[in-house]
Amino acid sequence: MRLMLIIAIPFFGALLPMLLARAGRRACAIATGLSTLMALVLLLSHAPVISAGQAFAVSHQWVPQVGMDLALRLDGLGLLMAGLILGIGLLIVIYAYHYLGKDESLGAFFTYLLLFQGSMVGIALADNLLSLLVFWEGTSLASFLLIGFWRHLTEGRQGARMALIVTGGGGLALIAGMLLLGDIAGTMTISELTARREAIQQSSRYPLALLLIAVGCFTKSAQFPFHFWLPQAMAAPTPVSAYLHSATMVKAGVFLLARLWPVLSGTEWWFYTIASMGAVTFLLGSVVALFKDDLKALLAYSTISHLGLMTMLLGLGTEAGLIATLLHLLNHAAFKGALFLTVGIIDHETGSRDLRNLGGLWRILPITGAIALLGLAANAGLPPLGGFLSKEMMLEAVSQVSWWGQPHLLTAIAAIAGTFAVAYSARFFAGAFLGEPGADLETAHGPSWGLVGPAALLVVSALAFGVFAQPLAEPILQTAVRGAMGNGDAPTIHLKLWHGVNLPLILSGVAILGGGILAGTFDGWRSLLKRRLAIEGQRVFRACEWQLVSVSRHVTERFHGGSLANYLTWFLVGVLALGGLSVWPSGLRSGDRQLLPINVLALLLITCLAAACLMTILLHRRRLLSVLMANVVGLITSIGFIYFSAPDLALTQISVEVVTLILILLALYFLPKETVAEASPIQRWRDAALAGLCGAAMFALTWVVLSSDGPTDLANYLIEQSKPAGGGSNVVNVILVDFRGFDTFNEIMVLAISALIIYALLDGAMHGAAADKLDHWEHDIPRSPEKHPAMFISFTRALLPLALLVGVYMFLRGHNQPGGGFVAGLVVTIALIVQYMVSGYQWAAERISIDYHSWIGWGILLAAGTGVASMILGYPFLTNAHEHFDLPYLGSLDISSALVFDLGVLMTVVGAVMLALANLSRLGRRAERAAQKAAEAAKLLDRGE
Amino acid sequence: MELLVALAVGLMTATGVYLLLRKRSFPVILGTMMLTYAVNLFLFSMGRLAVNRPPVIQVGGNGYTDPVPQALVLTAIVISFGTTAVIVTLALRAFLEAATDRVDLAGTTEKDSAES
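Line by line, the protein sequences give chains L and H.
Taking our numbering, the leading residue of the first sequence gets -12, the next gets one more, and so forth.
Taking our numbering, the leading residue of the second sequence gets 22, the next gets one more, and so forth.
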């Protein structure tokens, strides 16, 4: 349970900064810091037991059908990774609080940061391939938000998008690879994979799974040829770069390779894929870094290079390689994090991070300079820092392996890359801190402790990992290696700075000397190497992106160039073609069901329907008439429902028909009353032909279905269960409120949302161009001289209680007889609207004091409440209880909890429909007032003349 | 009788499609209404037709028609009311803002009228 909390705390903590955004920056930062600290303390409380060689595990079923469990396992490797994430995370929170400007949305920033942190810890602790993937994608999404945090910067948005596409695309490959791996192994649990190593590696699908997983890891850890997104992501605020792009997220790929190391490593496939790409990236990154003037870009390539180093080491497949990787993982997080934070300080205090502008900062920022010096020394691998230790181990490990049959090739590559690492580190320090200060740097001032503190702490630990290697770094490393390899196999580790004069030491010396010379003479030969290799990947990416966008835009515009008719024509032709293809070549055949006899009334009705359809089309330019004709069609449909044993449908259709008519008439008040003839005869005939084809197709389909028998199992089952299980004899209503109650619940949500959309649309019309138009409204049709006819008024007022009673009756009997919440709601609505219509809005609004917004809200709450109540009682969501009562005078009564649910439906329906109509009439009143005023003014003008 | 219902579905579909292909918002709205009628009747008829057999359980009832399509269509009617109301309002607001009720984008207007 405590393991779950370690992940849950960042995720739940992510809510706090958003909620506290108004309480101020400090509150946001404290909430974020405390969440991180709590998770860290909880994590470290497991450390003593884990360093004794134990592991903690917890597992909950998530989607058992596919073997997906929320399984967590904390071992030494996970402890190292999660410790880095949370520990550095805490420092980043402090740094970011001081780094980001006063007017920036710190709440959003910290929310993203915590979401990232939670996902990242999830990767470190996950023990199920599928749940690891969920967290993996989580980090991609959160990093997208963080890189693009400065939304106003084009580079920020582009960088965020590129990172998301590259790492997200790699994530897809990873999903495929993980599924393959799980399928080969027969388990999705990571800790069970090791035991099946032999079977996995002998499978014919092993190379494919390995390659796919490698693509996922390479994209995440910015390995060649996917490395180009990382320099682009440097548009992020520096705390993000320090956290995501040096210490944690880019290590996720390395971590996953280390996690799967005992399972997948040791084959030729593994060695040549992982080690080769790692070596290429190692060399490429450190060479390119030397040519970068932007300090962040320099560090980005340096990070790429170090990630390549770790990947290469893992690729070796030897124990020495794994140990060196894990030690370097720890060291790199410390010194590279510190270096990024230093660049952030330089940028923050001087406004520049370009080596061509900077210089002489040693005098202005001495503490920052010292931090940078130590960090760079570790980066270059100088003694006595931790970076030296891991570099020596790397050289030692590499020198024992031959690559493509060449025993010294890999060692040579490592030595060259190391030389360049010394060179760019030296160039960084000399360019920024030595020499004369630039003219505009004089105003720079000393940074606050909140910026320097975190950087200093990181660099001190980088120093301590070297100086106090034995008491400090060794136990951490030993625990991590044990976690990575399993207890029995892990060797005992001895760290020391001095090994005597051996090959690695000689190579280090050569690198330091060579690097110094390279850096010293850099300006002289720089112009010789103008072409930059690393831009290529980016250029290819951009070109592909541009091509894709332009192709899809071209295709879209071909079909959907802004003309609805055009687009619908394509769509309908497509549907007809697909439909035709699906029945080709056998064709549709009518069945042999016994048909119902045709009677005279039916013939009469279908004639009316045909006539009404025809009239709707012919009269469609005279809008009022065509609406009425369309309504005739609707009414004939409801007669059909009554005849064919669907009383509920008929009731609903009739009441909806009335409400729709009122709504359309209200809208027509504003819209033009006539449609101008625009289409050419050819166009009209073309449309008519298409419409005819669609009609014929629907006719054929309906006929085929109706003339053949269908399955009746489900119908019979529901009819049988209606009374015993649902407590009602109206099966349709029981399905709605009980068997498929969740559908109905979602449906009233849709209704509520559409009412709110309507409200927003109409409320917005009270401002701007629309309001202007309303205020200068002139009636385009003559008005009736008598606004509220007395006979109507007295009649409808007398009708109101009766109509409401009908509504109540419909509602109460709904479970057993035709009726129910929907119909009742519509009946009540109509009863109310009639009052508005006949007596005027003013009169009605004064007497009907219903807040329609809250009716919608209460309706949904009531419906949800019945569902939740059944959950509290231990039944599934929306289980109904029903009871039979014999009441004096009223007779026998069945009360079901579905009645409460149906009441919610009723309230939502009333609220939603009334909200829409009341707001439409609000627009009407505004126009009415304007028109009246205009008329009065005209009258006055007449009199004056 | 089945033939007549199929005919009704076909007629309403054809009317709906023709109106959908018009260029002004109001006929398009009517078109969607017509299509809704057609689709609802089509869905309903998936339970086959029966006379005097409403799915309301009673003593001595002579069989019941399929209640499932009815429940589906009942919600469909209410939902389509919601969507119709939204597009009606959308058309209204668009007309008030833009002073035209064309359903095409402004850029294509000239090209279309040149064609017709």
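Ideal Cβ positions, reconstructed from N, Cα and C, are used throughout, including at glycine.
Own chain residues within Cβ distance below 7 Å of residue 82 (chain L), not counting five before or after: Taken in chain order, the residues that qualify are 226, 328, 437, 438, 441.
Helix, strand or coil at residue 859 (chain L) [DSSP, three-state]: helix
8 Å Cβ cutoff met for residue 311 (chain L) and residue 387 (chain L): no
Anticipated Cβ contact below 8 Å, residue 716 (chain L) with residue 775 (chain L), distance rounded: The Cβ separation is near 44 Å, so there is no contact.
Alpha helix (DSSP H) runs wholly inside the stretch 721 to 794 of chain L, at least 4 long, in chain order: 728 to 751, 755 to 762
Stretch-stretch touch, CB-based, cutoff 8 Å, three pairs: the stretch 91 to 98 of chain L with the stretch 144 to 156 of chain L: no
Every unbroken alpha helix (DSSP H) inside the stretch 600 to 637 of chain L [4 residues or more]: Runs of alpha helix (DSSP H) with 4 or more residues, each lying fully within the stretch 600 to 637 of chain L, are found at 610 to 630, listed in chain order.
Nearest-angstrom Cα separation, counted from residue 99 (chain L) out to residue 132 (chain L): 7 Å
Boundaries of the alpha helix (DSSP H) in which residue 315 (chain L) is found, first to last residue: 306 to 337
Validate contact between the stretch 626 to 638 of chain L and the stretch 61 to 69 of chain H using beta carbons, cut 8 Å, 3 pairs: Touching, yes.
Boundaries (first-last residue) of the alpha helix (DSSP H) holding residue 558 (chain L): 551 to 570
Beta-carbon neighbours of residue 70 (chain H), restricted to chain C and to distances below 8 Å: Checking the listed chains, one finds no chain C in this structure; the protein chains it contains are L and H.
Complete runs of the alpha helix (DSSP H) confined to the stretch 85 to 150 of chain L [at least 4 residues]: 93 to 112, 116 to 134
Same chain, Cβ closer than 6 Å to residue 766 (chain L), five either side skipped, listed in chain order: For residue 766 (chain L), where only same-chain residues beyond five positions count, the Cβ hits under 6 Å are 918.
Proximity winner among L:709, L:697, L:417, L:111, relative to residue 350 (chain L) (alpha-carbon distances): L:417
Against chain H: residues of the stretch 183 to 209 of chain L by CB proximity under 7 Å: none
Which residues DSSP lists as bridging residue 43 (chain L), in chain order: L:61
Residue-chain proximity (residue 25 (chain L), chain H), Cβ-Cβ < 8 Å: no
Test item: CB-CB of residue 373 (chain L) and residue 320 (chain L) under 8 Å: When the beta-carbon positions are compared, residue 373 (chain L) and residue 320 (chain L) stay at least 8 Å from each other.
Own chain, CB closer than 7 Å to residue 463 (chain L), minus 5 neighbours either side, in chain order: 67, 317
Beta-carbon proximity list for residue 521 (chain L), same chain, < 6 Å, skipping 5 on both sides: Its pLDDT being 48, under 50, residue 521 (chain L) is placed unreliably in this model, and the value from its coordinates should be taken loosely. The answer, listed in chain order, is 275.
4-residue-minimum alpha helix (DSSP H) runs that sit fully inside the stretch 218 to 281 of chain L, ordered along the chain: Here the runs fully enclosed are 225 to 229, 238 to 251, 263 to 277.
Residue-level contact to chain L via CB, residue 153 (chain H), 8 Å cutoff: Here chain H comprises residues numbered 22 to 137, so residue 153 (chain H) is not present and cannot be evaluated.
Residue span of the alpha helix (DSSP H) that contains residue 84 (chain H), given as start and end: Segment: none, residue 84 (chain H) is in no alpha helix (DSSP H) and carries neither H nor E.
Within-8 Å CB hit, residue 73 (chain H) to chain L: yes
Element boundaries [alpha helix (DSSP H), containing residue 191 (chain L)]: For residue 191 (chain L), no alpha helix (DSSP H) encloses it, and the DSSP letter there is neither H nor E.
Touch test, the stretch 350 to 359 of chain L against the stretch 268 to 287 of chain L, Cβ-Cβ under 8 Å, three pairs minimum: no
Interface residues of chain H facing residue 908 (chain L) [CB-CB closer than 8 Å]: Near residue 908 (chain L) there are no residues of chain H at all, since even the closest Cβ is about 12 Å away, more than 8 Å.
One or two residues paired with residue 55 (chain L) in a DSSP bridge: Residue pairing by DSSP places residue 55 (chain L) opposite L:50 in a beta bridge.
Expected contact under 8 Å - CB spacing of residue 367 (chain L) and residue 446 (chain L) to nearest Å: Residue 367 (chain L) to residue 446 (chain L), Cβ: 14 Å. No contact.
Residue from L:788, L:656, L:661, L:865 whose Cα sits closest to the Cα of residue 156 (chain H): Any question about residue 156 (chain H) goes unanswered here, given that chain H covers just 22 to 137.
Every unbroken alpha helix (DSSP H) within the stretch 639 to 712 of chain L, with a cutoff of 4 residues, ordered by chain: 668 to 693
DSSP beta-bridge partners of residue 77 (chain H): Residue 77 (chain H) is bridged by DSSP to L:717.
7 Å Cβ cut-off: residues of chain H touching residue 634 (chain L): Proximity of chain H to residue 634 (chain L) at the Cβ level (cut-off 7 Å) is accounted for by 75, in chain order.
Three-pair Cβ contact test at 8 Å for the stretch 161 to 178 of chain L versus the stretch 232 to 239 of chain L: no
Proximity test, Cβ basis, 8 Å: residue 81 (chain H) and chain L: no
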